[in-house]
Amino acid sequence: MFPNSARTFCIALVIASLATPPQLALAQAPSNPTSPTAGKTSITVTTQADEWDDDTKPASANTKCSLREALQAAYTGGNRGCGANKHTFTEYDIKFFASGTFKLTREEDLPHLGGDKIFNMDSWGVEIDGGSKASTARHYGIFQIVGATLNLKNLVLKNGSRPGGGAIWIRGGGSVVTAYKVKFKDNDAAADETLAQTGGAILGETGTLTVTESVFENNVALAEGGAVAAPASAIFIAPSSSATRGGGWGHARPRANHVSSASHRERVQTKPGPPHPV
Numbered sequence: 002m003f004p005n006s007a008r009t010f011c012i013a014l015v016i017a018s019l020a021t022p023p024q025l026a027l028a029q030a031p032s033n034p035t036s037p038t039a040g041k042t043s044i045t046v047t048t049q050a051d052e053w054d055d056d057t058k059p060a061s062a063n064t065k066c067s068l069r070e071a072l073q074a075a076y077t078g079g080n081r082g083c084g085a086n087k088h089t090f091t092e093y094d095i096k097f098f099a100s101g102t103f104k105l106t107r108e109e110d111l112p113h114l115g116g117d118k119i120f121n122m123d124s125w126g127v128e129i130d131g132g133s134k135a136s137t138a139r140h141y142g143i144f145q146i147v148g149a150t151l152n153l154k155n156l157v158l159k160n161g162s163r164p165g166g167g168a169i170w171i172r173g174g175g176s177v178v179t180a181y182k183v184k185f186k187d188n189d190a191a192a193d194e195t196l197a198q199t200g201g202a203i204l205g206e207t208g209t210l211t212v213t214e215s216v217f218e219n220n221v222a223l224a225e226g227g228a229v230a231a232p233a234s235a236i237f238i239a240p241s242s243s244a245t246r247g248g249g250w251g252h253a254r255p256r257a258n259h260v261s262s263a264s265h266r267e268r269v270q271t272k273p274g275p276p277h278p279v
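Using the working numbering, the first residue of the sequence shown is number 2, and each one after it goes up by one.
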C-alpha cells in the first residue's frame, strides 16, 4: 500500500483482450524489420534534436544519434551515428547522453516498436516532448507499441498529442508497456475530433500495461480517459495515493480533475469494450 501522503498517482493495470478496440487511424509498422537474433545492446542518444539522416551516405555515420534514429537502428540497421549492425539484437537499453528535453519536431511518427523486441529507457532528468505546444503543433504522439516491450523508468513524457494515446498508444498484440516513476504531463487525445479522442496520456487497445508510482498531470481527452483509456475484458487497478491536482480513475467528461466530478482530466477509463460516455 502506498502512503496516503504521497503526491503521486500510483496505478497498476493489466489489460487483457478487447471486445472491440477503438477505431483509430492506424499507421504502418516498421518497414522491412529484420528478424532479431539474440542478445542485448545499448544505443546512446547523443543529440536533443529530432534528426533524421540519410544512412546510405557514409557521412551519416559521423553524425549524432537522435531518439528517432536510435529506435530505427533497432530495425533496419544503417548507422546515422547510432552504431552499425544494431538491428541484430533483441533487447536495447536506450540511453541519453545528458539530462534535458528531447523534443520531437518532425511531422511524422517515431518508429513504431514491434517485432517482439524489448526497449528499456531509464534516465533521471530526461523529458521527451511530443511537440504539441510548439508554434506549429505536432500531433503524432510519442510512442506507438505494435508488439514490442517498452520499459520506462524515471522519465517525463509531455506534450504528446494524437487522437488516442497522446504519450503512448498500445495497439499491437503481444505489446507490453511498463512505466515506473514516470511523469505524464500535458498530453492530450484531442487532435482530431473525427476520431476516438480517448486516452490523453495512454490508450491501450490490447496487450499488457503496468504503471506504478507515476504521476499524471493535466492530461486531457475529448472523449474518455484523460489519463488512461484501457477498454478491456479484465483490468486490475492497485491501491493508489492521490493524483497530482486531485485526479483519479473512473469514467470521464472534460473539465476539472477531481474524482468526484465528471472529468476527462486525470482519469483512467476502464469500461469493457470501447469507451462510452458516462
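For glycine and all other residues, C-beta sits at the position ideal for the given N, C-alpha and C.
Under 7 Å between C-beta atoms of Gly227 and Gly201: yes
By the 10 Å Cβ neighbour count, where 16 or more other Cβ atoms means buried, how is Asp187 classified, buried or exposed? When all chains shown are included, Asp187 counts as buried.
Once DSSP output is grouped into helix, strand and coil, what is the label at Lys104? Taken through DSSP and simplified to helix, strand or coil, Lys104 comes out as strand.
Please state the DSSP three-state secondary structure of Glu92. Glu92: strand per DSSP, three-state reduction.
For Leu153, which residues of its own chain have a beta-carbon under 6 Å away from its beta-carbon, when the five flanking residues on both sides are left out? Within the same chain, and ignoring the five residues on either side of Leu153 in sequence, the residues whose Cβ sits closer than 6 Å to its Cβ are Met122, Ala180, Val183.
Kindly identify the DSSP beta-bridge partner or partners of Glu128. Checking the DSSP bridge columns, you'll see Glu128 partnered with Thr102, Val157.
Could you compute how far the alpha carbon of Glu70 sits from the alpha carbon of Ala85? 12 Å
Using 8 Å as the Cβ pair cut-off and three pairs as the minimum, do the region 135-143 and the region 113-127 touch? no
Quick one: residues in its chain with C-beta nearer than 8 Å to the C-beta of Lys87, no 5 flanking neighbours on either side, listed in chain order? Taken in chain order, the residues that qualify are Thr42, Ile44, Ala74, Ala75, Gly78, Tyr93.
For the candidate residues Thr150, Phe120, Ala168, whose alpha-carbon lies nearest to that of Ser133? Selection Thr150, Phe120, Ala168 evaluated against Ser133 yields Ala168 as nearest (Cα-Cα).
Report the three-state DSSP secondary structure of Ala222 (helix, strand or coil). Strand.
What span of residues does the alpha helix (DSSP H) with Leu114 cover, start to end? Where Leu114 is concerned, there is no enclosing alpha helix (DSSP H), given that its DSSP letter is neither H nor E.
Indicate whether Ala39 and Thr91 have their beta-carbon atoms separated by less than 7 Å. Contact: yes.
Classify Tyr76 as helix, strand or coil using the three-state DSSP reduction. helix
For Ala71, the three-state DSSP class (helix, strand or coil): helix
Ser162 burial status per 10 Å Cβ neighbour count (16 or more: buried): buried
Around the Cβ of Ala222, are there at least 16 other Cβ atoms within 10 angstroms (buried) or fewer (exposed)? Result: buried.
Is Leu210 closer than 7 Å to Gly166 when the C-beta atoms are compared? Going by beta carbons, Gly166 and Leu210 fall outside the 7 Å limit.
Per DSSP, cross-strand counterpart(s) of Tyr280: The structure shown does not extend to residue 280, since the chain is modelled only from 2 through 279, so no value can be given for it.
Can you tell me whether DSSP reads Asn1 as helix, strand or coil? Not covered by the structure: residue 1. The range shown for the chain is 2 to 279.
Just the C-alpha distance for Val216 and Arg107, rounded to the nearest angstrom, thanks. 27 Å
Can you tell me the Cα-Cα spacing of Ile12 and Trp53, whole angstroms? Residue confidence for Ile12 is low, a pLDDT of 42 falling below 50, so the modelled location carries little weight; the figure read from the coordinates is stated next. Approximately 36 Å, taken between the alpha carbons.
What does a CB cutoff of less than 7 Å around Ala50 pick up in its chain, not counting 5 residues either side in sequence? Ser67
So what does DSSP say about Lys87, is it helix, strand or coil? helix
So Ile129 and Leu151 are in contact, right, with Cβ under 8 Å, and what is the actual spacing, rounded? Not quite, the Cβ-Cβ distance comes to about 12 Å (not below 8 Å), so this is no contact.
Whole angstroms are fine: how far does the CA of Thr48 sit from the CA of Asn63? 13 Å
Return yes when the Cβ of Gly173 is within less than 7 Å of the Cβ of Val147, no when it is not. yes
What residue range is occupied by the uninterrupted beta strand (DSSP E) comprising Ser43? Taken as a continuous stretch (DSSP letters only), the beta strand (DSSP E) holding Ser43 covers 41-46.
Is the separation between the beta-carbon of Gly131 and that of Ser100 shorter than 7 Å? no
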